[in-house]
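A.B. asks: Numbering of the sequence shown is given in the numbering used here, commencing with residue 1185 and proceeding in unit increments.
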Amino acid sequence: MIRWERGVPHRVRWNNVPYAPGRAAFLLNGKCGNTSVKTALLQAQNLPEDRPHRVTDVWSPAQVAASGYRAIGVVRNPYARAVSIWHTKIVLQGSSTLFRKAAFVPEMPFLDFLRVLARMDDKADTHTRAQWFTMYHRRRFLPDLVVKIEEPKGWDQVRAWMPEIPALPHRNIRGTPDWQPLIEGEAGDLIRRRYARDFELFGYPT
1185 MIRWERGVPH RVRWNNVPYA PGRAAFLLNG KCGNTSVKTA LLQAQNLPED RPHRVTDVWS
1245 PAQVAASGYR AIGVVRNPYA RAVSIWHTKI VLQGSSTLFR KAAFVPEMPF LDFLRVLARM
1305 DDKADTHTRA QWFTMYHRRR FLPDLVVKIE EPKGWDQVRA WMPEIPALPH RNIRGTPDWQ
1365 PLIEGEAGDL IRRRYARDFE LFGYPT
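1) Could you check which residue in Asp-1340, Arg-1323 and Val-1258 has the C-alpha nearest to that of Lys-1332?
2) Counting only the same chain and skipping the five closest in sequence on each side, list residues whose C-beta sits under 6 angstroms from that of Thr-1318.
3) Hey, Val-1196 and Thr-1240 are a contact pair by Cβ (cut 8 angstroms); roughly how many whole angstroms apart?
4) Name the DSSP beta bridge partners of Phe-1210, please?
5) With DSSP as the reference, identify every bridge partner of His-1321, one or two as the case may be.
6) Let me make sure I understand the geometry here. Which of Leu-1374, Ala-1264 and Leu-1295 has the alpha-carbon closest to that of Gln-1364?
7) For Gln-1277, is the classification buried or exposed, using 16 other Cβ atoms within 10 angstroms of its Cβ as the cut-off for buried?
8) DSSP puts Leu-1329 in a beta bridge; with which residues?
9) Does DSSP put Trp-1270 in a helix, in a strand, or in coil?
10) Are three or more beta carbon pairs between the stretch 1335-1346 and the stretch 1311-1325 nearer than 8 angstroms?
11) Within 10 angstroms of the Cβ of Asn-1230, are there 16 or more other Cβ atoms? Answer buried if so, exposed if not.
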């Protein structure tokens, strides 16, 4: 599937990961524990974990819906996620393709980043899209369970179903600043508008 934004074609990139031993599929997005979850699933299968994004299979929402697998959505506070995207992809510029997809500039201020982010299509990039986008197929909400990555008890529910899966490892921690001082005024308004459905659907306070 190809969509267009700013004159550039984008192929939708999915991050939903099947876990065949438990007949489960994890519905993931960038900067929402994506690397940590993939690593945990590889560890559970005694598979090499040094390149989790290259060795894991990924499914589209249609594949998840057709599989009969239990679906587990993994989400993150939209404020924290927005700050993490900016810090890792714009400030640190870690292997980011965002500069080719919209008018981002290296090390741009957070507010300027959010103004560009507000104009991005959900189909353009796995890191910037709204979290709900990967969890629907033909208006059907797929998750049987939604886990908030910042709440350890959520992952405990996953392990209660599949005890062989280890505790969630901490991966890609890069000194992201505290999000709370950064969301005052216009910044908070932009995040709330851009990710309004995530706040509502997953029960995050605004």
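For every residue, glycine included, the Cβ atom is placed at its ideal position computed from N, Cα and C. Note that this is a predicted model, so its numbers are computed, not measured.
C.D. replies: On the basis of the data shown:
1) Val-1258
2) Leu-1211 and Asn-1213
3) About 17 angstroms separates the two Cβ atoms, so there is no contact after all.
4) Val-1201 and Ile-1256
5) Arg-1324
6) Ala-1264
7) exposed
8) Ile-1256
9) helix
10) no
11) exposed
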